[in-house]
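With this note's numbering applied, the sequence shown covers 1032 to 1236. Read through the structure below, which is laid out as structure tokens, and then see the notes.
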Amino acid sequence: MSYLVVALPENTILQELQSIRNFFYQNNFRYHNKPCKDMAYITLAKISNNIHNWFIESLEYSLENEKQFMLTNFYTHTQEHVWSRQSQWQEKYPDWCWWFAILFPNNRNLVNISNTIINIAKNHGIDESYDYAHNIASFSTNDISNVNSLNYLANHMSICNHIRLDKMINAKSIFLQKFKHSWIPIDKIAIKDDLWIIIKEIYLK
């Protein structure tokens, strides 16, 4: 078991985004339909299974003066999963698969909080953020020698993973039709486990 520390939107917006994600996951935008069990979140850090109350207490203390904020000027983004071209995946993904997400260029608040959390986790010897981000980076390029993997944290929210190439243009159009907001309010930081269970929520002021 490992854990992600994530930023979550305000509940009304969170439910809207989750509804859109479920629509894509269950209406043939992927090669295989299934319920979307996970929520709409932005990953800030990954920590090992050695989580203890003292880490949570340190996290709460570091966030006690953090205020809620708005993410603006975001845009939709699609990118190929380059690994899906490998021969062992051809039966499952015959025309390869892609990733559909929202990117946040004005993400300084997210980056600052992410850096704080990573430093706390490093101090407690439980940080796995670099390996997690490095793995995400490797999904989208075969050469990551000049890539700063940590740039893949605190900058995106996945909307539909393993999406079909022939469905992406339609998916973008549907997302923009269904989600008409120009902002996403972030009001809490949470710790979630591999089974999509939130074990701690910390509300921002």
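In this text, a Cβ means the ideal position worked out from N, Cα and C, and glycines have one as well.
Rounded straight-line distance, which links the Cα of Gln1117 to that of Ile1190:
What you label residue 1190 is simply residue 159 of the sequence shown in a count that begins at 1. What you label residue 1117 is simply residue 86 of the sequence shown in a count that begins at 1. Distance between Ile1190 and Gln1117, taken at the CA atoms: about 24 Å.
Below 8 Å, how does it come out for the stretch 1148-1159 and the stretch 1209-1217: are there three or more Cβ pairs, yes or no?
Cβ pair count under 8 Å is below three, so no.
Residues near Tyr1163 in its chain [Cβ-Cβ closer than 7 Å; skip 5 each side]
Counted from its first residue, the sequence shown places residue 1163 at position 132. Contacts found: Lys1077.
Would you list the residues sitting across from His1187 in a DSSP beta bridge?
Against the sequence shown, residue 1187 aligns to sequence position 156. Per DSSP, Leu1134.
Short of 6 Å in beta carbon distance, which residues of its chain neighbour Val1178, apart from the five on each side in sequence? Order them along the chain.
To locate residue 1178, count along the sequence shown from 1; it is residue 147. Here Val1178 scores only 46 on pLDDT, less than 50, and its place in the model should not be relied on; the value that follows carries that caveat. Residues of the same chain with a CB within less than 6 Å of the CB of Val1178, apart from the 5 flanking positions on each side, are Ala1168 in chain order.
State buried or exposed for Thr1103, treating a residue as buried only when at least 16 other CB atoms are found within 10 Å of its CB.
Taking the sequence shown and counting its residues from 1, the one referred to as residue 1103 is at position 72. Thr1103 should be labelled exposed.
Buried/exposed call for Ser1115, threshold 16 Cβ in 10 Å
By 1-based counting over the sequence shown, the position of residue 1115 is 84. Sixteen is the threshold: when 16 or more other Cβ atoms of the shown chains lie within 10 Å of the Cβ of Ser1115, as they do, the residue is buried.
Beta strand (DSSP E) containing Ile1073: first to last residue?
As a working mapping, residue 1073 is identified with position 42 in the sequence shown. For Ile1073, the enclosing beta strand (DSSP E) begins and ends at Ile1073 to Ile1078.
If you follow the beta strand (DSSP E) that Gln1029 is in, where does it begin and where does it stop?
Because the chain here runs from 1032 to 1236, residue 1029 falls outside it and cannot be looked at.
Three-state class that DSSP yields for Glu1159 in the structure shown
Start at 1 with the first residue of the sequence shown, and residue 1159 comes out as number 128. Here Glu1159 sits in coil by DSSP.
Could you pull out every residue in the same chain whose Cβ sits closer than 7 Å to the Cβ of Ser1213, ignoring the five residues on either side in sequence?
On the sequence shown, position 182 is the one that residue 1213 refers to. Answer for Ser1213: Thr1103, listed in chain order.
Is Phe1105 helix, strand or coil by DSSP?
Residue numbering aside, residue 1105 sits at position 74 when the sequence shown is read from its first letter. DSSP places Phe1105 in coil when its eight states are reduced to three.
With a cut-off of 8 Å, do at least 3 Cβ pairs link the stretch 1124-1140 to the stretch 1091-1105?
By the Cβ rule, the stretch 1124-1140 counts as touching the stretch 1091-1105, because three or more pairs are nearer than 8 Å.
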